[in-house]
Amino acid sequence: MSLSKYFGVIPAFYACYEDDGSISPDRSRRLARHLVNKGVKGLYVCGSSGECIYLEKEERMAILEAVMAEVRGECTIIAHVACNNTDESCQLARHAEQQGVDAIASIPPIYFRLPEHAIAAYWNDISGAAPNTDFVIYNIPQLAGVSLTPSLFRKMRENPRVIGVKNSSMPTQDIETFLRLGGENCVVFNGPDEQFVSGRAIGAQGGIGGTYGAMPELFLKMDSLVRENRYQEAALIQHEVNTIIEEMCGCHGNMYAVIKEILRINEGLTLGSVRRPLAALLPEDMPKVEAAAAHIRSAISKFVI
């Protein structure tokens, strides 16, 4: 089984809203087209960056349908389908398979700390609802409150549809651990954007990240340099990217509100704000947002063009 369709830069897709805060299929299609035209490997739809925990399942279905209508067959699509109950997660999994996605993904159930056998049952139930579709475990312990342990990963690898991990824990050693335990036909995605280069250096075959969409050119360039073993040059871009991320996190508004405004400034894309309780931008944020947007343009000119 070839997993090469998952190797490379896969932006985490942003939730796109109309001005009244409702989901916008049209703006979702425009963002999907924009990112695919930039040359990304795929799209990760309705994950953390897609504000999934604040959306109704019907809204998540509408976003995925819009993305698939626009770019089906042009790139790899991974749909994050987890809800905090098994039934709705399975509904989203079935819908994603019907739409023809390449893989589905899921965080563990959050809030209550479940034993590993219950987490495994949750994931296997979701996978069973999409029996012809690859399954990716989403490990993000700093938000989910649950870590993917070696024992749980070994258990999940008994399911032949489980092909890898989106690893958003901070230690890069976790990437090596999951690759070693996963054996052949296992893919591990680097999650933390700030360690794209180091994650790839230790073995991640690709990356899925929430800031890729704001500056895909820089992540695509790092990816190209990593493939050529030009790690020192890639690290220079990583340092610049990390400074930009710090700037995007320095506003009153949530980082995704900042990114959507940056895409309006730099790319002419209108994607709306963020879903409450995430914080929208305030007028006093705008100088910082404009500075971050300018920094992205400058970095692209410096490293890519």
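Here the sequence shown is numbered in the numbering used here, starting from 535 and rising by one per residue.
Glycine included, every Cβ here is placed at the ideal spot set by N, Cα and C.
Query, Result
"Candidates 755, 675, 716: which alpha carbon is nearest residue 730's?", "755"
"Between which two residues does the beta strand (DSSP E) harbouring residue 626 extend?", "Looking at the DSSP string, residue 626 is not in any beta strand (DSSP E); the run it does join, the alpha helix (DSSP H), is 620 to 633."
"What runs of the alpha helix (DSSP H), each 4 residues or longer, lie entirely inside the region 541 to 586?", "559 to 572"
"When you compare each of 799, 682, 718, 551 to residue 823 by their alpha carbons, which one comes out closest?", "799"
"Report the three-state DSSP secondary structure of residue 607 (helix, strand or coil).", "coil"
"Can you check which of these residues, 680, 769, 540, 589, is closest to residue 551 by C-alpha distance?", "589"
"Are the beta-carbon atoms of residue 725 and residue 743 separated by less than 8 Å?", "yes"
"State the Cα-Cα distance for the pair residue 573 and residue 690, rounded to the nearest angstrom.", "32 Å"
"So, under 8 Å CB-CB, residue 669 and residue 693 are touching, yes? Tell me the CB distance rounded to an integer number of Å.", "7 Å"
"Could you tell me the distance, in whole angstroms, from the CA atom of residue 656 to the CA atom of residue 646?", "13 Å"
"What are the start and end residues of each continuous alpha helix (DSSP H) run of 4 or more residues lying completely inside the region 750 to 824, in chain order?", "750 to 761, 765 to 782, 789 to 801"
"Between the Cα of residue 554 and those of 789, 544, 806, spot the shortest distance and give me the residue it belongs to.", "806"
"Could you give the distance in angstroms between the alpha-carbon of residue 614 and the alpha-carbon of residue 695?", "15 Å"
"Apart from the five residues on each side of it in sequence, which residues of its chain come closer than 8 Å, Cβ to Cβ, to residue 608?", "570"
"Let me make sure I understand the geometry here. Which of 735, 765, 772, 766 has the alpha-carbon closest to that of residue 751?", "772"
"Could you compute how far the alpha carbon of residue 671 sits from the alpha carbon of residue 747?", "22 Å"
"Quick one, are the C-beta atoms of residue 638 and residue 596 less than 8 Å apart?", "no"
"Under 8 Å by Cβ, that's how I've got residue 643 and residue 618 pegged, so tell me the actual separation to the nearest angstrom.", "6 Å"
"Closest to residue 715 by CA distance: which of 622, 774, 734, 685 is it?", "685"
"Quick one: residues in its chain with C-beta nearer than 8 Å to the C-beta of residue 630, no 5 flanking neighbours on either side, listed in chain order?", "598, 613, 615, 638, 664, 667"
"Go through its chain and collect everything with a Cβ distance to residue 812's Cβ below 6 Å, but skip five positions before and after it.", "788"
"Where residue 817 and residue 786 are concerned, what is the direct C-alpha to C-alpha distance, given to the nearest angstrom?", "10 Å"
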